[in-house]
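Below: the structure, in C-alpha cells.
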Amino acid sequence: MDRKRLIYLDNAATTFPKPRAVTDEVVRCMTQYGGNAGRGGHTLAMAAAEKIFECRCLAAEFFGVSDPERVFFTMNTTQGLNIVLKGLLREGDHVLISDLEHNAVFRPLYRLAKQGAIRFDCFPSMTGDPRQNAVRICAGIARRLQPETKLVVCTHASNLCSATLPIRQIGEFCHRHGLLFVVDAAQSAGHLPISVDEMGIDALCVPGHKGLYGPQGCGMVLLGKNVLPQTLIEGGSGAHSLEGEMPDLPPERYEAGTLPAVAIAGLCEGIRSVQGVGLETVFDHEKALYRLAREQLSERRGITLYAPEYEGATLLFNVDGLTSEQVGSLLNEDGICVRSGHHCAALGHRALGTPPHGAVRVSFGMYNQARDVEYLCQSLDRIRQEYGGV
Ligand code: PLP
1448 MDRKRLIYLD NAATTFPKPR AVTDEVVRCM TQYGGNAGRG GHTLAMAAAE KIFECRCLAA
1508 EFFGVSDPER VFFTMNTTQG LNIVLKGLLR EGDHVLISDL EHNAVFRPLY RLAKQGAIRF
1568 DCFPSMTGDP RQNAVRICAG IARRLQPETK LVVCTHASNL CSATLPIRQI GEFCHRHGLL
1628 FVVDAAQSAG HLPISVDEMG IDALCVPGHK GLYGPQGCGM VLLGKNVLPQ TLIEGGSGAH
1688 SLEGEMPDLP PERYEAGTLP AVAIAGLCEG IRSVQGVGLE TVFDHEKALY RLAREQLSER
1748 RGITLYAPEY EGATLLFNVD GLTSEQVGSL LNEDGICVRS GHHCAALGHR ALGTPPHGAV
1808 RVSFGMYNQA RDVEYLCQSL DRIRQEYGGV
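Quick note on our numbering: the sequence shown kicks off at 1448 and runs consecutively.
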C-alpha cells in the first residue's frame, strides 16, 4: 500500500478539503473587506455586511425560505438547536424526538427535563422497510402524543448510518396536530433537498462546515414564517443600541456579538459550489460510493455492517475481534481518516445495536473517489489478516 496517501473519509464530522472558491473567499475577506459588519457605516464594515447579506439570501434560496431575514447565523448546528429548543419550550411542555438523535438535540432536552421543566419521549425511526418508514414513523409519533406535546424535533439524516427521516411527512403531521417542527439538518444540508416553507419546518438548524463546504465556525438557523423563539444570548446587535431589549425580529434578534464574517464569506461560496455541482449529482455520487463500499465490505468475512439497507453518504461497521477505536487507529496508520467509537449519539447506538465500544464510521463527500473505497478495503484486509484473526 502507498502509505504516503491521505484518504479523508470523515466528511460527516466536517468536509475536507474545501473548494478552492471557499478558501479564496476566506483570504479575500481577511485581506480586502473584513470590517465588522453592522458595527459602523464605513467602507469595510459595509463590505462585510454586504457579503453576509449575500450569504443570507443564498441560504434562503437554497433552503426554500421566502424571506432572507428569517435566516440567522450561529456558531454551529448545536448552538442553533439550543437557541431554538430553549427559546420555544416552556414549563410543562412535552417533546417528541427520534431514537437516532445526536447529543446536540438530546442533551439540551435532557438538561431541561432534569430541571423538571419539560418531558420528552422517543419515537422509532427505523421501522424495517425503508419504503414504509414515513407511514410507520408518523404512526409512532401519533401513539406518543400527549395533551402537553408542543414540539417534534428530529434529525433529517443520521450521523451514524445513512437512515433518513421523512421530514416532509413529519412536517405535515405536525401541522395537522398543531405541533412545532424542528429539524436538525447537520447531516442532510448539502446532501438532500430541503424546503423550509414547503415542508412546514418551523426551524431548520444547519452547519456551515459539513455538506455546505464552508469553514468551521459558523452555522445557520432558518425559521418558518410564524416562529419567534425567545433569545438565548443577548448583547450588541448593531441595531436599537439604546434599548435594553434585543430587537424584536430576526436576524438581529439572535445575532448578539460579532458575526464570524470570514466563515460566512467562505460558506457563501461553499453553497455556490454545491449549487454548481448540483445537489442531486453530489448525493448520487456519495450513494454510488456507499454502494461500492457496502458491496465490498459485505463480501468480506468478519465485518458487521449496521443498517446497510439505508443508502447515503455514511456507512457504519465493525471488524470482528477488534474494537472500533483499534480499527480507526490502524486505518489511520495507512493514512485513512475515519471516525470510530461513539459518535455523540447514544440513542442511535442503542437503536442500531452497536457493541459497547461503538463502531467505525466512513462518510463520503463530493471529493471522494472509487479508489478511496478500494484503498479502504485493502487496508481493512491488512488489518483483518494481521490483527483480526482472519
Ligand atoms: N446533529 C447531527 C446529526 C450531527 O451529526 C452533528 C455533528 O456531527 C451535530 C448535530 C452537531 O453539529 P455541529 O458540530 O455543527 O454543532
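Note that CB positions come from ideal geometry on N, CA and C, so glycine has one too.
Contact between Ala-1686 and Pro-1694 holds: CB atoms are separated by about 5 Å, below the 8 Å threshold. At a threshold of 8 Å, Lys-1657 counts as near the ligand PLP, since its beta carbon sits closer than that to one of the ligand's heavy atoms.
Beta-bridge annotation (DSSP): Phe-1567 is paired with Val-1542.
Take Leu-1794, set aside five residues on each side of it, and the residues of its chain with a beta-carbon closer than 7 Å to its own are Asp-1546, Leu-1547, Glu-1548, Phe-1553, Cys-1569, in chain order.
Collapsing the DSSP output to three states places Phe-1764 in a strand.
Considered as a whole, the stretch 1589-1615 harbours 1596-1602 as its complete beta strand (DSSP E) runs of no fewer than 3 residues, in chain order. Taking Asp-1828 as the centre and dropping the five residues before and after it, the same chain places the C-beta of Arg-1747 closer than 8 Å to its C-beta, in chain order. Annotated as proximal: Ile-1750 and Val-1766, with beta-carbon spacing under 9 Å.
Taken in chain order, the complete alpha helix (DSSP H) segments of 4 or more residues contained in the stretch 1713-1800 are 1726-1745, 1771-1780, 1793-1799. For the 9 Å CB-CB criterion, Ile-1614 and Phe-1628 form a contact. In the three-state reduction of the DSSP assignment, Val-1674 falls in the coil class, being assigned neither a helical nor a strand state. In this chain, Arg-1829 is not harboured by any beta strand (DSSP E); it is covered by the alpha helix (DSSP H) spanning 1817-1834. Take Gly-1775, set aside five residues on each side of it, and the residues of its chain with a beta-carbon closer than 8 Å to its own are Val-1785, Arg-1786, Ser-1787, Gly-1788, Val-1807, in chain order.
It is roughly 15 Å from the alpha-carbon of Met-1493 to the alpha-carbon of Arg-1503. In this model, Cys-1665 and Glu-1681 are separated by some 18 Å (Cα to Cα). Annotated as proximal: Cys-1585 and Ile-1617, with beta-carbon spacing under 9 Å. Sixteen is the threshold: since fewer than 16 other Cβ atoms of the shown chains lie within 10 Å of the Cβ of Asn-1673, the residue is exposed. Taking the C-beta atoms as reference points, Val-1542 is found no nearer than 9 Å to Leu-1528. Distance from the CA of Asn-1523 to the CA of Asp-1644, rounded to the nearest whole angstrom, comes to 22 Å.
In the same chain as Lys-1597, and ignoring 5 residues on each side of it, the C-beta atoms closer than 8 Å to its own belong to Leu-1535, Leu-1536, Arg-1537, Asp-1540, His-1541, Val-1542, Leu-1626, Leu-1627, in chain order. Using a Cβ distance threshold of 9 Å, Gly-1482 and Thr-1470 do not count as a contacting pair. At a Cβ-Cβ threshold of 9 Å, Ser-1810 and Leu-1762 count as neighbours. Excluding its 5 nearest sequence neighbours in each direction, Asn-1550 has C-beta neighbours in its own chain below 8 Å: Cys-1791, Ala-1792, Ala-1793, listed in chain order.
Listed in chain order, the non-local C-beta contacts of Asp-1457 below 7 Å within the same chain comprise Cys-1784, Val-1785, Arg-1786, Ser-1810, local neighbours out to five positions each way being set aside.
Your pair Leu-1592 and His-1624 checks out as a contact, with CB atoms roughly 7 Å apart and the cut at 8 Å.
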